Ligand code: T5A
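Numbering (my numbering), first residue to last: 3 to 208.
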């Protein structure tokens, strides 16, 4: 069973990833929690490349780097964990590439990117995806504290239109894959969101 969490930067999904992973562990599941890009030696190295503000990365190269990190993560960690009966909780998966590089950067059309991502993951896809939805300005306000302390990463230098396009791309993805997606209102209190997600996840794992 694979769960993934999606949404624009600052939506609160990492907070919810931790909550769901904890609930699943308490319920006795063997949980692998991973983030994208990252989760493997190669993936973490690619993450450093992608988020480093000193690098000028072409949009297509960016899409391929996110995808390369994902291919490694799927083969090295996700597939073996699922095959051994465990549950995987992903902080982002291929929908991030479709929303950010497809919607935000407009590097290629969504149908092409979706098809490409199926090849990248060899058909592995989440059983459930939670889209934590917040208005762009709410997300920006939430991130402002961290940005003031540590600065923006390379992705966070994009302008507001980029975030609007990415957010809209997520909405379209959630409609297109309505069976897999559950959209949660990320402006609600953390505990309320976690409760709603757990109630859905519990049913799915039973
Ligand atoms: N990317 C990634 C792509 O462009 N393409 C891809 O294919 C992939 C995989 C990754 C970057 O790469 C991009 C997306 C990103 O730009 P990252 O550092 O991993 O960079 O960034 P994020 O995944 O966006 O993770 P963040 O941790 O920055 O943000 P989250 O997960 O959205 O939010 P979270 O949970 O850390 O919360 C942010 C703040 O809000 C508060 C938290 O306490 C925290 O301060 N908060 C709430 N406040 C009020 N109410 C709630 N309900 C709250 N929930 C959390």
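Beta carbons are placed, not taken as given, at the ideal position from N, Cα and C, and that holds for glycine. Values in this document were obtained by computation on a predicted structure and should not be read as measured data.
Any heavy atom of ligand 1 inside 7 Å of the beta-carbon of residue 74?
no
Note down, one range per segment and in chain order, each alpha helix (DSSP H) of at least 4 residues found wholly within the region 93-122.
112-122
Examine ligand 1 and report whether any of its heavy atoms sits within less than 7 Å of the Cβ of residue 99.
yes
Quick one, which of 175, 201 and 41 has its alpha-carbon nearest residue 92's?
41
Segment limits, beta strand (DSSP E) that includes residue 2
Given a span of 3 to 208 for the chain in the structure shown, any question on residue 2 remains unanswerable.
Run through the DSSP bridge pairs and tell me what residue 234 is partnered with.
For residue 234 there is no data in the structure shown, the boundaries of the chain being 3 and 208.
Given 8 Å, three or more beta-carbon pairs between the region 51-64 and the region 115-124
Using a Cβ-Cβ distance cut-off of 8 Å, the region 51-64 and the region 115-124 are not in contact, since fewer than three pairs of beta carbons, one from each stretch, lie closer than that value.
Residue range of the beta strand (DSSP E) that includes residue 8
4-8
Anyone know if the C-beta pair for residue 33 and residue 47 falls short of 8 Å?
No, these two residues do not count as a Cβ contact at 8 Å.
Would you decide whether residue 128 is buried or exposed? Buried here means 16 or more other CB atoms lie within 10 Å of its CB.
Per the 10 Å Cβ criterion, buried.
Put residue 126 into one of helix, strand or coil per three-state DSSP.
coil
Spatial neighbours of residue 138 within its chain, please: C-beta separation below 7 Å, excluding the five flanking residues on both sides.
10, 162, 165, 166 and 169
Do you know whose CA, among 69, 86 and 123, lies nearest residue 99's CA?
69
Going by C-alpha to C-alpha distance, which of 31, 30, 37 and 26 sits closest to residue 7?
37
From residue 185 to residue 126, what distance separates their C-alpha atoms?
21 Å
Would you call the region 145-164 and the region 82-96 in contact, with 3 or more CB pairs under 8 Å?
Taking 8 Å as the limit for Cβ pairs, the verdict is that the region 82-96 does not touch the region 145-164.
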